[in-house]
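These notes concern the structure reproduced below.
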């Protein structure tokens, strides 16, 4: 269970490179790449054994569909029962843009459920360009149905895509998603064993109508309202009146309110409330800072170095100079 399968490897990939790549996810125990007997070249895939199953699961999550020498690699569990997980939830995606790659398809459609294999984009063997369609194999029909309902007719790289069930290889003209395949998938225990996060979501729903492929789910049935008992006028006198509504109080019923302070007596007077001082350059009233019922405090004495302001100089009124008798101007 701690061994993973890495496929889609380039010819330049070696066992040393695989070791250095996957050791970033956890401690690696062994790396094996089957080679051809004649050419002594690896066959495009390899196996990496980790120290624990948790490390292998973490490597699958972070290493799947990353590009190595420009080619996306697929990483999954190297278990013998992977073929039993194929329930037939294969969808066809058409009208793809040439810029769409396997990584984009995986990131887009993995939001609807578990994808068993790497999305397969059909390419030209000579040029390597996309032919405009691809296939995706889901682990459940719930995921494939959700992907078809949500993505059919949506735009991917500025082109509307078409999503439908793919044709079967053995039966011409028959598509996947038939009632027989759905019945076999529901009876396959191994298909649910590898999907623990979907076990609770696959619980049967009662009082639901059967839904055919391509149809919308009916709305959930609401619970009936409680029956209303008619009340006649003759029984009105026998009905007890409702209990009185208690008046809201600021304190709970269990906590008594605090006692009020006694009026008068030998209690000292409360301190006066601090008022807001007037703005600057304005005269204060004489009793502005005096408590109520008390005389105003005496004025503040001037400082020791205080001097009265100088009297502004004013020239004396002009007087005509003295003129002796007989002096002419």
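Residue numbers (the numbering used here): 2 to 330.
Built from N, CA and C at the ideal position, the CB exists for glycine as well.
Nearest-angstrom Cα separation, counted from residue j out to residue i
i           : j           : result
residue 14  : residue 118 : 21 Å
residue 135 : residue 94  : 5 Å
residue 188 : residue 149 : 23 Å
residue 337 : residue 167 : The structure shown does not extend to residue 337, since the chain spans only 2 to 330, so no value can be given for it.
residue 66  : residue 104 : 6 Å
residue 69  : residue 34  : 16 Å
residue 122 : residue 32  : 28 Å
residue 1   : residue 41  : With the chain covering 2 to 330 only, the question about residue 1 has no answer from this structure.
residue 169 : residue 37  : 32 Å
residue 52  : residue 143 : 34 Å
residue 22  : residue 16  : 10 Å
residue 63  : residue 18  : 17 Å
residue 309 : residue 299 : 20 Å
Proximity below 7 Å, CB of residue i to CB of residue j
i           : j           : result
residue 76  : residue 61  : yes
residue 74  : residue 110 : no
residue 125 : residue 72  : no
residue 97  : residue 47  : no
residue 57  : residue 3   : yes
residue 116 : residue 164 : no
residue 59  : residue 7   : no
residue 20  : residue 30  : no
residue 186 : residue 88  : yes
Assigned exposure category for residue i - 16 Cβ within 10 Å defines buried
i           : result
residue 145 : buried
residue 180 : exposed
residue 99  : exposed
Endpoints, the alpha helix (DSSP H) within which residue i is located
i           : result
residue 70  : No alpha helix (DSSP H) contains residue 70, which DSSP labels as neither H nor E.
residue 63  : 54-64
residue 110 : 103-110
residue 17  : 16-23
residue 142 : 142-152
Range of the contiguous beta strand (DSSP E) that encloses residue i
i           : result
residue 135 : 131-139
residue 186 : Here residue 186 belongs to no beta strand (DSSP E); instead the alpha helix (DSSP H) covers 180-187.
residue 7   : 4-8
Beta-carbon separation (whole angstroms), residue i vs residue j, contact threshold 8 Å
i           : j           : result
residue 114 : residue 140 : 6 Å
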